[in-house]
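Student: Read in my numbering, the sequence shown has 118 at position 117, and its numbers run on one by one without any break.
Have a look at the structure that comes next, please.
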Amino acid sequence: MDYGKFKYESAVKAREDRKKQVNTVIKEMKLRPKIDPHDYETKKGHVVRFLKQGDKVKITIMFRGREQSRPELGYRLLQKMAEEIVDYGVVESSPKQDGRNMIMVVAPTRKKAEAQAERHAARQAPSSESPAAQAAEPEAEPSA
2 MDYGKFKYES AVKAREDRKK QVNTVIKEMK LRPKIDPHDY ETKKGHVVRF
52 LKQGDKVKIT IMFRGREQSR PELGYRLLQK MAEEIVDYGV VESSPKQDGR
102 NMIMVVAPTR KKAEAQAERH AARQAPSSES PAAQAAEPEA EPSA
């Protein structure tokens, strides 16, 4: 085997390996201890969406002023979030106080590649049965 052929094959193999590689992305969601219930639900929805996409989520609670003397409020909020998203992710690192912030990392229950494959399959399936195609086909009416 000559060196040129070996070099070419190793380059092709490296290119294929890069295609299969999945980058781990850590998304961050910032909250405050005195968050409104509706705002909390919105943020929780974003966290669930990130986890469904296969990304890790770093949830940060920012304390300001007197809030720093009540870290248990932030801890309770993070525990509540962890309980509500248990179907989509697992707590990778439990809540820890880091200066003015409290941080918790949640990892998805399934891999990013699986999530992308499912999303791709979902995009392919509905395209064959579009609403316009269904409307164009007349349905058989029952005769009375």
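We treat Cβ as the ideally placed atom computed from N, Cα and C, and that holds for glycine.
Quick caveat: nothing in here was measured; it's all calculated off a predicted structure.
Would you call the region 114 to 128 and the region 79 to 88 in contact, with 3 or more CB pairs under 8 Å?
Tutor: At 8 Å Cβ cutoff, the stretches do not touch.
Student: Could you check what DSSP says for Lys-35 in three-state terms: helix, strand or coil?
Tutor: In this structure, Lys-35 counts as coil in the three-state DSSP scheme.
Student: Gln-54 by DSSP, collapsed to three states: which one?
Tutor: Gln-54 falls in the coil class under three-state DSSP.
Student: Using 8 Å as the Cβ pair cut-off and three pairs as the minimum, do the region 89 to 105 and the region 62 to 72 touch?
Tutor: A contact exists between the region 89 to 105 and the region 62 to 72.
Student: Please report how far the alpha carbon of Val-92 lies from the alpha carbon of Ala-114, in whole angstroms.
Tutor: Those two C-alpha atoms are separated by around 20 Å.
Student: For the region 71 to 79 against the region 19 to 35, are there 3 or more C-beta pairs whose distance is under 8 Å?
Tutor: Counting Cβ pairs under 8 Å, three or more are found: they touch.
Student: Please state whether DSSP places Thr-61 in a helix, a strand or coil.
Tutor: Looking at Thr-61 - three-state DSSP - the assignment turns out to be strand.
Student: Label Ile-60 either buried or exposed according to how many other C-beta atoms from any shown protein chain fall within 10 Å of its C-beta, with 16 as the threshold for buried.
Tutor: Its Cβ being crowded by 16 or more others within 10 Å, Ile-60 is buried.
Student: Determine the burial state of Phe-51: buried for a count of at least 16 other Cβ atoms within 10 Å of its Cβ, exposed for fewer.
Tutor: That one is buried.
Student: Which one or two residues does DSSP pair with Gly-90 in a beta bridge?
Tutor: Answer is Pro-109, bridged to Gly-90.
Student: Could you pull the start and end residues of the alpha helix (DSSP H) that Gly-5 belongs to?
Tutor: Its alpha helix (DSSP H) spans residues 4 to 21.
Student: Excluding five sequence neighbours on each side, which residues of the same chain lie with their C-beta closer than 6 Å to the C-beta of Pro-109?
Tutor: For Pro-109, where only same-chain residues beyond five positions count, the Cβ hits under 6 Å are Leu-52, Gly-55, Gly-90.
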